[in-house]
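Asks: Before we start, here is the structure in question, set down as structure tokens.
Residue numbers (this note's numbering), protein chains in the order written: chain A, 10 to 226; chain B, 49 to 475.
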């Protein structure tokens, strides 16, 4: 990751030719953000394309697209979710009422509702720390009246890691180096260059959401 | 209502008012009032509601203790039956209110008898709608934050404010209508003028603000085919008119039967004509809603139409939405069957149930297909506990409506209706 400019706009590039579909990013994300069952900030969509014998397996890792025109943000009735100056779309868990309007509005299915489930039955100490992505100590995961339970959650490009100069967990962990993270406002950055690569495309361009995540086909 | 009868009624009331105590005082039976229900029907009705409330309470308790885990919802399938019932009841409310405006704004006095019942059902429906959407919030303890924080691009944020203004306006209008009916206003002309003013403000509020706006909540979601589009809010309003009119027909008929009166056939037939008109417009709009994506071969829309027509909920589409909600009532009301009161009531009641299917098909099927190719196909059917909560609020709404009707002269027939019945008995 190059040095960020004064006014960074974070973006991600995912090279689909390098992705092997190992799901390490999903696992790293769950560990880093301690997301409970049913809450997934990152998934890898695996699809088989074509008919035999001309078949091909496509893996599309899907973090939040951090759209420049985010439809999830415009529909929020209480302004609980908003796009930060750094381009990351975040949610104020202390304001979210849990109406899930934003989930219906997201064309990428990138938002999850925290139904209050827990890995405690499968993993020791699963509830001891939760949701550190806001950089706030939420303490133990509690009942249905303790945020972020009952609110909507999403990928923040690991907003708690960026100030420390660290890449998002999914980028750092990728075994094939398929993901790049950086500042789009810095013209010399790798992401700025790759975003205009002839191989680059974005998901559902036709919806007009202007995602900050580019894929290389 | 002429001034003479108003004075006569007030005198009669004053004459008998001192005798009533307890329940009789609450229901004003001792005051020369028509009872809301006969004593036997009262036991049956409140017994039935009581059982529904006790059974349904389990759903509410589970919701409060377990949160939304007790639903069949997931992050990919975020809205379900409670949202469908929320928009159903907002629709009932808007429809019932628009019906009352026929009386108070547009001067169609042949429907005067249902004016107060329409206003009360509009109020109760709004409370039930808010109860459903409140229970659906992940954090209903924060529900009032929606009034604190305003977001002008969110239809939902506008809606909440419109709902509050609308409920206040409805209550004000009902209070004036009741005072006018009881003959305790200083000037009947002024009261009628205020009813007209409030009703006139209420009509655009109900159409654009309350129910068109609720349709807009869905219509602006470009991510979901079949929601996104300009026709959607209009269909919402028209089907609201359909369900509201149908509900009022059913309430008016069954209340008359329950209180031992003869149902007013000419009133109900007139309402049947209103229902027919609304149902025909609804069919027309629905036709265009479906024919456009079908002829355009719009793949996303077609996927959802396919789920509606052939998926696991196809019965709600064919039987509830198209059959009971639109085509069968329209056929009944167009055919000579409409001369028989029983058929009108049947058409109205199947319409109310059918529109529930319409609302379900609005909310659920567009959320079923995977939002990105490669995601799993969603599946949703309300759990037992979701149904129990629905039962609780349906019964709760009916109870609230009944108690207010016992307490206030909501259904009290006008003088001339009593005279008519008297004439029939003696002849």
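Note that CB positions come from ideal geometry on N, CA and C, so glycine has one too.
Hey, quick one: how far does the beta strand (DSSP E) through residue 193 of chain A stretch, first residue to last?
Replies: Here residue 193 of chain A refers to the residue found at position 184 of the first chain. Run containing residue 193 of chain A: none; DSSP gives neither H nor E here.
Asks: In terms of residue numbering, what span does the beta strand (DSSP E) encompassing residue 366 of chain B cover?
Replies: Translated into the one-based positions of the second chain, residue 366 of chain B becomes position 318. Careful: residue 366 of chain B lies outside any beta strand (DSSP E) and carries neither H nor E.
Asks: Strictly under 9 Å for the Cβ-Cβ distance: is residue 133 of chain B near chain A by that measure?
Replies: The residue you call residue 133 of chain B lines up with position 85 of the second chain. Chain A contact via Cβ: absent.
Asks: Which ranges would you report for the beta strand (DSSP E) in the region 68-119 of chain A if only whole runs of at least 3 residues count?
Replies: 90-92 and 98-100, all fully within the region 68-119 of chain A.
Asks: Under DSSP, the alpha helix (DSSP H) around residue 249 of chain B begins and ends at which residues?
Replies: Counted from its first residue, the second chain places residue 249 of chain B at position 201. Looking at the DSSP string, the run of the alpha helix (DSSP H) that includes residue 249 of chain B is 236-252.
Asks: If the criterion is Cβ atoms closer than 9 Å, does the pair residue 164 of chain B and residue 225 of chain B meet it?
Replies: The residue you call residue 164 of chain B lines up with position 116 of the second chain. The residue you call residue 225 of chain B lines up with position 177 of the second chain. Contact flag set, yes.
Asks: Say whether chain A places a C-beta atom closer than 9 Å to the C-beta of residue 259 of chain B.
Replies: Within the second chain, residue 259 of chain B is the residue found at index 211, counting from 1. Residue 259 of chain B does not count as touching chain A.
Asks: In terms of residue numbering, what span does the beta strand (DSSP E) encompassing residue 102 of chain B cover?
Replies: As a first step, residue 102 of chain B is located in the second chain; it is residue number 54 there, counting from the start. Counting along the chain, residue 102 of chain B falls outside any beta strand (DSSP E), though it belongs to the alpha helix (DSSP H) covering 87-114.
Asks: How close, in whole Å, do the beta carbons of residue 108 of chain A and residue 204 of chain B come, if the pair is a contact with beta carbons under 8 Å?
Replies: In the first chain, counting from the first residue as 1, residue 108 of chain A sits at position 99. In the second chain, counting from the first residue as 1, residue 204 of chain B sits at position 156. Rounded, the Cβ-Cβ distance is 7 Å, consistent with contact.
Asks: Classify residue 196 of chain A as buried or exposed, calling it buried when 16 or more other Cβ atoms lie within 10 Å of its own Cβ.
Replies: As a working mapping, residue 196 of chain A is identified with position 187 in the first chain. Exposed.
Asks: Would a check of beta-carbon distances place residue 177 of chain B closer than 9 Å to chain A?
Replies: Here residue 177 of chain B is taken as the residue at index 129 of the second chain, counted from 1. For residue 177 of chain B, the answer is no, since every Cβ of chain A falls outside 9 Å of its Cβ.
Asks: Flag residue 115 of chain A as yes if its beta-carbon sits less than 9 Å from any beta-carbon of chain B, otherwise no.
Replies: Position 106 of the first chain, counting from 1, holds the residue named residue 115 of chain A. At least one chain B Cβ lies under 9 Å of residue 115 of chain A.
Asks: Would residue 206 of chain B and residue 143 of chain B qualify as a contact pair, given that the criterion is a beta-carbon distance under 9 Å?
Replies: Numbered from 1 along the second chain, position 158 holds the residue referred to as residue 206 of chain B. Numbered from 1 along the second chain, position 95 holds the residue referred to as residue 143 of chain B. Cβ distance not < 9 Å, so residue 206 of chain B and residue 143 of chain B don't count as in contact.
Asks: Can you tell me whether DSSP reads residue 135 of chain A as helix, strand or coil?
Replies: Taking the first residue of the first chain as 1, we reach residue 135 of chain A at position 126. Coil.
Asks: How many Å lie between residue 200 of chain A and residue 113 of chain A at the Cα?
Replies: Counting from 1 along the first chain, the entry for residue 200 of chain A is found at position 191. Counting from 1 along the first chain, the entry for residue 113 of chain A is found at position 104. Between residue 200 of chain A and residue 113 of chain A, the C-alpha separation is close to 30 Å.
Asks: From the DSSP secondary-structure annotation, give me the bridge partner or partners of residue 304 of chain B.
Replies: As a working note, residue 304 of chain B is residue 256 in the second chain. None; residue 304 of chain B has no bridge partner.
Asks: Do residue 418 of chain B and residue 355 of chain B come within 9 Å of each other at the CB atom, strictly closer than that value?
Replies: Along the second chain, one-based indexing puts residue 355 of chain B at 307. Along the second chain, one-based indexing puts residue 418 of chain B at 370. Going by C-beta atoms, residue 355 of chain B is not nearer than 9 Å to residue 418 of chain B.
Asks: Cβ of residue 149 of chain B within 9 Å of Cβ of residue 118 of chain A?
Replies: Working through the second chain from its first residue, we reach residue 149 of chain B at position 101. Working through the first chain from its first residue, we reach residue 118 of chain A at position 109. No, these two residues do not count as a Cβ contact at 9 Å.
Asks: What are the uninterrupted segments assigned as alpha helix (DSSP H) that are 4 or more residues long and contained completely in the region 125-172 of chain B, given in chain order?
Replies: The qualifying runs are 129-152.
Asks: Given that a residue counts as buried once 16 or more other Cβ atoms are within 10 Å of its Cβ, and exposed if not, what is residue 226 of chain A?
Replies: Counted from its first residue, the first chain places residue 226 of chain A at position 217. Classification of residue 226 of chain A: exposed, given that the 10 Å Cβ count is below 16.
Asks: Is residue 208 of chain A buried or exposed, if buried means 16 or more other CB atoms sit within 10 Å of its CB?
Replies: For this step, residue 208 of chain A is matched to residue 199 along the first chain. So residue 208 of chain A ends up on the exposed side.
Asks: Express the C-alpha separation of residue 147 of chain A and residue 172 of chain B in angstroms, rounding to a whole number.
Replies: Translated into the one-based positions of the second chain, residue 172 of chain B becomes position 124. Translated into the one-based positions of the first chain, residue 147 of chain A becomes position 138. Computed Cα separation, rounded: 40 Å.
Asks: Is the number of C-beta pairs between the region 82-97 of chain B and the region 54-74 of chain A that are closer than 8 Å three or more?
Replies: At 8 Å Cβ cutoff, the stretches do not touch.
Asks: Could you list which residues in chain B have their beta carbon closer than 7 Å to that of residue 85 of chain A, in chain order?
Replies: Translated into the one-based positions of the first chain, residue 85 of chain A becomes position 76. Chain B residues near residue 85 of chain A: 199 and 202.
Asks: Going along the chain, which residues of its own chain have a beta-carbon closer than 6 Å to the beta-carbon of residue 176 of chain B, five neighbours each way excluded?
Replies: What you label residue 176 of chain B is simply residue 128 of the second chain in a count that begins at 1. Same-chain partners within the cutoff: 137, 441 and 445.
Asks: Tell me which residues of the region 319-352 of chain B have at least one Cβ-Cβ distance to chain A shorter than 7 Å, keeping chain order.
Replies: If the cut-off is 7 Å between Cβ atoms, the region 319-352 of chain B has nothing near chain A.
Asks: Would you say residue 11 of chain A faces chain B, with C-beta separation under 9 Å as the test?
Replies: Taking the first residue of the first chain as 1, we reach residue 11 of chain A at position 2. With a pLDDT of 49 at residue 11 of chain A, under the threshold of 50, the modelled position of that residue is not reliable, and no figure is offered here.
Asks: Do you know offhand how far residue 393 of chain B's Cα is from residue 377 of chain B's?
Replies: Stepping through the second chain from its first residue, residue 393 of chain B is reached at position 345. Stepping through the second chain from its first residue, residue 377 of chain B is reached at position 329. Whole-angstrom Cα-Cα distance: 10 Å.
Asks: For the region 131-157 of chain A, which residues have a beta carbon sitting closer than 9 Å to at least one beta carbon of chain B?
Replies: Result list: 152, 153, 154 and 156.
Asks: Beta-carbon within less than 7 Å of residue 138 of chain A's beta-carbon, same chain only, minus the 5 sequence neighbours each way: which residues are those?
Replies: Start at 1 with the first residue of the first chain, and residue 138 of chain A comes out as number 129. Contacts found: 43.
Asks: Taking residue 379 of chain B as part of the beta strand (DSSP E), name the residues at either end of that continuous run.
Replies: Residue 379 of chain B sits at position 331 when you count from the first residue of the second chain. Where residue 379 of chain B is concerned, there is no enclosing beta strand (DSSP E), although the alpha helix (DSSP H) it sits in stretches over 376-382.
Asks: One question on the structure: do residue 81 of chain A and residue 38 of chain A come within less than 9 Å of each other, judged by their Cβ atoms?
Replies: Indexing the first chain from 1 puts residue 81 of chain A at position 72. Indexing the first chain from 1 puts residue 38 of chain A at position 29. No; because the gap between Cβ atoms is not below 9 Å, this pair is not in contact.
Asks: Nearest-angstrom Cα distance between residue 202 of chain B and residue 291 of chain B?
Replies: Sequence index remark: in the second chain, residue 202 of chain B carries index 154 (1-based). Sequence index remark: in the second chain, residue 291 of chain B carries index 243 (1-based). Between residue 202 of chain B and residue 291 of chain B, the C-alpha separation is close to 27 Å.
Asks: Closer than 8 Å, Cβ to any Cβ of chain B: which residues of the region 92-122 of chain A, in chain order?
Replies: Per Cβ criterion, the list reads 104, 105, 106, 107, 108, 109, 110, 112, 113, 114, 115, 116, 117, 118, 120, 121 and 122.
Asks: With 9 Å set as the bound, which would you pick, yes or no: does the beta-carbon of residue 129 of chain B sit closer than that to a beta-carbon of chain A?
Replies: Stepping through the second chain from its first residue, residue 129 of chain B is reached at position 81. By this cut-off, residue 129 of chain B is not an interface position.
Asks: Just tell me which of B:368, B:169, B:375 and B:146 has its CA closest to the CA of residue 298 of chain B.
Replies: Residue numbering aside, residue 298 of chain B sits at position 250 when the second chain is read from its first letter. Of the candidates B:368, B:169, B:375 and B:146, the one whose C-alpha sits nearest the C-alpha of residue 298 of chain B is B:169.
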